[in-house]
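A quick write-up on the structure given underneath.
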Amino acid sequence: MHRFFVETPVGGVGETITLSREESAHASRVLRLRPGEEIRLLDGENLWEAQLVTVDDKETVAAVTALCESSEAPSHAILFQGLPKADKLELIAQKGTELGMWELWPVEMERSVAKADKADKAEKKRERLSRIAMEAAKQSGRAHVPEIASTLSFAKALPKLESVDLVLIAWEEERALPMSQAVNAYVAEHGVPQSVAIIIGPEGGVSQQEWQQLHDMGAVSVTLGKRILRTETAGLCALSVLWTALGEM
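Here it is in structure tokens:
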């Protein structure tokens, strides 16, 4: 079933929703949908079933018929991603969304080869990543489109972690504690965390100094296995481990 994003929360069953001009054009010109066909709407909070009332490339209208069962995980997973080279963030934004990521924080870290762009270029890049995340959310049947943060310095990102329930550092020097065991230990003592941040270093990894600062604020150092993963692979692997530990996979 085709899915469409709406910018404001749906009020409930029976409401009529007008799709944006972009989504209307997609429904009419690309998909060639017709009145009476069933679609789904994602509004950032819920996923709804709806029936097309009118289809027009400028203004397509749908009537909401039912609330769908949520596909969102019980924890909000924040991917704290060391700024990678080239276009790797696009892959991370797309696949991270498919895997249930709640937010993506690109962070310029000590070993980041790539550097944060200047304001105008950075905002255009963030908007592109947000569009990629929205398309991935539609494809994967999610109601929530992950927030893509502006690139932060490590110093500015660190205080934002203080409000997160569980912070995990994927660190290649860690050998003793698999990530799944760390999550299970937290759940046994505190219950399912409302929020989890996963720290992934850039190509050069998390530095000793960064690890120490994170450790001092209570972050838990974990391993993702005996093999060294690329930065664009590590976060995706960690999301899978998190959901498996929480019984989502």
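Mapping of the sequence shown onto numbering that gives the first Met the number 0: position 96 corresponds to residue 95, and the numbering continues sequentially without gaps.
Backbone N, C-alpha and C define an ideal beta-carbon position, used for all residues, glycine too.
**Item:** Environment of Lys155 [buried if 16+ CB atoms lie within 10 Å]
**Value:** Looking up residue 155 in the sequence shown gives position 156. Under this definition Lys155 is an exposed residue.
**Message:** Three Cβ pairs or more, each shorter than 8 Å: is that satisfied between the region 189-202 and the region 47-54?
**Reply:** no
**Asked** Can you name the residues that DSSP bridges to Ala62?
**Response** For this step, residue 62 is matched to residue 63 along the sequence shown. Partner residues in the beta bridge of Ala62, as assigned by DSSP, are Thr15 and Gln50.
**Request:** Use the C-beta contact count for Ser149: other C-beta atoms within 10 angstroms, 16 or more gives buried, fewer gives exposed.
**Result:** Residue mapping note: residue 149 aligns to position 150 of the sequence shown, counting from 1. When all chains shown are included, Ser149 counts as exposed.
**Message:** Please report the straight-line C-alpha distance between Ser239 and Leu78, rounded to a whole angstrom.
**Reply:** Counting from one through the sequence shown, the residue named residue 239 turns up at place 240. Counting from one through the sequence shown, the residue named residue 78 turns up at place 79. If I take the Cα positions, the gap works out to 12 Å.
**Request:** Could you check what DSSP says for Thr232 in three-state terms: helix, strand or coil?
**Result:** Within the sequence shown, the letter at position 233 stands for residue 232. The answer is helix: DSSP assigns Thr232 an H, G or I state.
**Asked** Where does Ser220 sit, in a helix, a strand or coil, going by DSSP?
**Response** As a first step, residue 220 must be located in the sequence shown, where it is residue number 221. Here Ser220 sits in strand by DSSP.
**Item:** Residue environment, His143, which counts as buried when at least 16 other CB atoms sit within 10 Å
**Value:** Looking up residue 143 in the sequence shown gives position 144. Burial call: buried.
**Message:** Alpha carbons only, please: which of Leu46, Ser19, Glu6 and Thr59 is nearest the one belonging to Arg31?
**Reply:** Position 32 of the sequence shown, counted from the start, is the residue given in the question as residue 31. The candidate whose alpha carbon is nearest that of Arg31 is Thr59.
**Prompt:** When we look at the beta-carbon of Arg2 and count the other beta-carbons within 10 Å, is it buried (16 or more) or exposed?
**Reply:** Residue mapping note: residue 2 aligns to position 3 of the sequence shown, counting from 1. That one is buried.
**Cβ-Cβ separation, Val221 to Ala169 (assumed contact under 8 Å), whole Å** = By 1-based counting over the sequence shown, the position of residue 169 is 170. By 1-based counting over the sequence shown, the position of residue 221 is 222. With a Cβ gap of about 6 Å, Ala169 and Val221 count as contacting.
**Item:** Spatial neighbours of Ala113 in its chain, beta-carbon cut-off 7 Å, leaving aside the 5 residues before and after
**Value:** Mapped onto the sequence shown, residue 113 falls at position 114. Correct list, in chain order: Leu82, Pro83 and Lys84.
**Asked** If you count every other CB in all the chains shown that lies within 10 Å of the CB of Glu209, and 16 or more means buried, which is it?
**Response** On the sequence shown, residue 209 is found 210 positions in, with the first residue counted as 1. With 16 or more Cβ atoms within 10 Å of its Cβ, Glu209 is classed as buried.
**Prompt:** Can you tell me whether DSSP reads Pro158 as helix, strand or coil?
**Reply:** Taking the first residue of the sequence shown as 1, we reach residue 158 at position 159. Correct three-state label for Pro158: helix.
**Prompt:** Could you give the residue range of the alpha helix (DSSP H) that holds Gln294?
**Reply:** Lying before the first or after the last residue shown, residue 294 is absent from the chain, which here runs from 0 to 248.
**Message:** Between Val54 and Val12, how many whole angstroms is the CB-CB distance? I'm expecting something under 8 Å.
**Reply:** Translated into the one-based positions of the sequence shown, residue 54 becomes position 55. Translated into the one-based positions of the sequence shown, residue 12 becomes position 13. That belief does not hold up - the Cβ atoms of Val54 and Val12 are roughly 21 Å apart, past 8 Å.
**Which listed residue (Leu241, Gly10, Asn183 and Leu98) has its alpha carbon closest to that of Asp42** = Residue numbering aside, residue 42 sits at position 43 when the sequence shown is read from its first letter. Residue Gly10 is the option with its Cα nearest to Asp42.
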